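Residue numbers (this note's numbering): 13 to 125. For reference, the structure is listed below as structure tokens.
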Amino acid sequence: MFGKAIVCSDAAAETARYGFTAVDRPEGCLVLAVASLGDKIMEVKSAPEETKSLEEKKVGVKGLGRKKTDESEHFVWKDDIKVPCGRLVPSGHKDSPLEYNEYAVYDPKQTSI
């Protein structure tokens with residue numbers, strides 16, 4: 013959906029799918045990372061038409077899902093890093109193809125593992 017990007021989510025239910033587990037492959041791997049979307053964040057409800065320019069400009073993209081973490085349960089970590097966490101609540105984006113919010117960055121320097 014986001015082209016050649018590093019994709020993250022604020023919902024554990026979504027990230028569990030990234031681990032590629034299945035009945036015949038019960039073990040998966042998840043990596044906890046901090047991703048900086050940058051100053052200019054593009055919010056989308058559907059797949060961007062063209063991702064090449066996003067990759068070149070290193071734009072941070074937030075895909076708006078049908079569910080999001082409850083913002084009243086978010087907290088601030090060192091250096092004013094907003095950490096989305098908490099129970100999942102409806103987001104108001106009922107027509108989104110994404111079930112949960114997803115975040116994409118195009119420069120590995122925007123992540124820290």
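Glycine included, each C-beta is placed from N, C-alpha and C at the ideal position. This structure is a prediction, so every number in the text was calculated from the model and none was measured.
Problem - Helix, strand or coil at K94 according to DSSP, with G and I counted as helix - result: Position 82 of the sequence shown holds residue 94. Strand.
Handout entry: Straight-line Cα distance separating Y118 from E85
Key = Position 73 of the sequence shown, counted from the start, is the residue given in the question as residue 85. Position 106 of the sequence shown, counted from the start, is the residue given in the question as residue 118. Distance between the alpha carbons of E85 and Y118: 28 Å.
Practice task
Would you mind reading off the limits of the beta strand (DSSP E) that contains T81?
Solution key: Translated into positions along the sequence shown, residue 81 becomes position 69. Run containing T81: K79 to T81, per the beta strand (DSSP E) assignment.
Practice task
May I ask you to verify whether the region 34 to 43 touches the region 105 to 120, counting CB pairs closer than 8 Å and requiring at least 3?
Solution key: no
Practice task
Leaving aside the five residues before and after E100 along the sequence, list all residues of the same chain whose C-beta is less than 8 Å from its C-beta, in chain order.
Solution key: One-based indexing of the sequence shown puts residue 100 at position 88. With the sequence shown as reference, residue 100 is identified as Leu, and Glu is not the correct amino acid for it. Correct list, in chain order: A23, A25, K79, K80, T81, D82 and Y112.
Practice task
Tell me whether the beta-carbon of H4 lies closer than 8 Å to the beta-carbon of K64.
Solution key: Missing from the structure shown is residue 4; the chain here goes from 13 to 125 and no further.
Handout entry: Top-ranked residue by Cα proximity to A60, from P109, K121, I125 and K90
Key = For this step, residue 60 is matched to residue 48 along the sequence shown. The question names Ala, but residue 60 in the sequence shown is Pro. Among P109, K121, I125 and K90, the Cα nearest to that of P60 belongs to P109.
Exercise for the section: Determine the DSSP secondary structure at S124, reduced to helix, strand or coil. Expected result: Residue numbering aside, residue 124 sits at position 112 when the sequence shown is read from its first letter. Reduced to three states, the DSSP call for S124 is strand.
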